[in-house]
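Okay, so here's the structure we're looking at.
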Amino acid sequence: MTVVALDLLIYWQHRLLHINGLLWRLHRVHHSDTALDATSALRFHPLEILLSMGIKIPAVLVLGAPPGAVLLFEILLNGFALFAHANLGLPSRFEHLLRYAVVTPEMHRIHHSVLREEHDSNYGFQLSIWDRLFGSYRHATRDAPESFPLGLSTFRMAHEQTLSALLIQPLRSAD
Ligand SMILES: [Zn+2]
């Protein structure tokens, strides 16, 4: 129950990060990665991590969630984050079945499309049901899955991808 409730919470937190202009400046540090692999799952601005903790800790207290369930959620969340960002090609029939239950790398790649209407979809981290339930599910990209550009239309230069540039990226004007 705790795992499902926290997964729903971070689905909506993720949507909020895309909707609110100031929060998007923090979250777009993650989205400005122009190539997806498991390291992308670790690329978040420190202020977004603090914000996430500031939402999750009160939620755990309100839910009265047992420590073991919170630990299980965190283990699953990190495992699924690595999986969803991994540069993996799953057999398509298996992938289509799997995405009825959980977020697959192909499903999450769409969330990293350079096109706004595509990166404003597939917000889920673990269960894929939230996107289907709340109307944000997108099955495929406009272009072929292996050829659509990832990242953002801005912040694509090598000097904009350094650690220091990423840390101050939220201060730069929105794209
Ligand atoms: Zn996002």
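Our numbering numbers the first residue of the sequence shown as 486 and each following residue consecutively.
Quick reminder that beta carbons are idealized off the backbone N, C-alpha and C, glycines included.
Everything numeric in this text was worked out from a predicted model, so none of it was measured.
Quick one: Cα of H644 to Cα of D605, how far? 26 Å
Which of helix, strand or coil DSSP assigns to L612: strand
Starting from the N-terminal side, write out each stretch of the alpha helix (DSSP H) that is 4 residues or longer and does not extend beyond the segment 493–578. 506–516, 531–548, 552–570
Straight-line CA distance for L527 to A650? 16 Å
For T647, count neighbouring Cβ atoms within 10 angstroms of its own Cβ and tell me buried if that reaches 16, exposed if not. Around the Cβ of T647, a 10 Å sphere holds fewer than 16 other Cβ atoms; the residue is exposed.
Exposed or buried, which one is T524 when buried takes at least 16 other CB atoms within 10 Å? exposed
Can you tell me whether F565 is buried or exposed? The criterion is at least 16 other CB atoms within 10 Å of its CB, across all chains shown. Classification of F565: buried, given that the 10 Å Cβ count is 16 or more.
Who sits around ligand 1, taking every residue whose Cβ is closer than 7 Å to one of its heavy atoms? H499, L502, H503, H512, H515, H516, H596, H604, Y608
For V588, name the three-state secondary structure that DSSP assigns. coil
Rounded to the nearest angstrom, what separates L635 and D518 at their Cα positions? The straight-line gap from Cα to Cα measures roughly 7 Å.
Which same chain residues, not among the five before or five after D492, have their C-beta less than 6 Å away from its C-beta? Q611, L612
L557 to R510, Cα distance in whole Å? 30 Å
Between H502 and H516, is the Cβ-Cβ spacing less than 7 Å? Looking at the sequence shown, residue 502 is not His but Leu. For L502 and H516, no; Cβs fall outside 7 Å.
Assuming H581 and L521 form a contact by the criterion Cβ under 8 Å, report the distance between their Cβ atoms to the nearest whole angstrom. With a Cβ gap of about 20 Å, H581 and L521 do not count as contacting.
Rounded C-alpha distance that separates E533 from L561: 20 Å
Buried or exposed: which applies to S638, given that a residue is buried once 16 or more other Cβ atoms fall within 10 Å of its Cβ? exposed
Quick check on G506: buried or exposed, where buried means 16 or more other Cβ atoms within 10 Å of its Cβ? exposed
Report buried or exposed for E591, applying the criterion of at least 16 other Cβ atoms within 10 angstroms of its Cβ. buried
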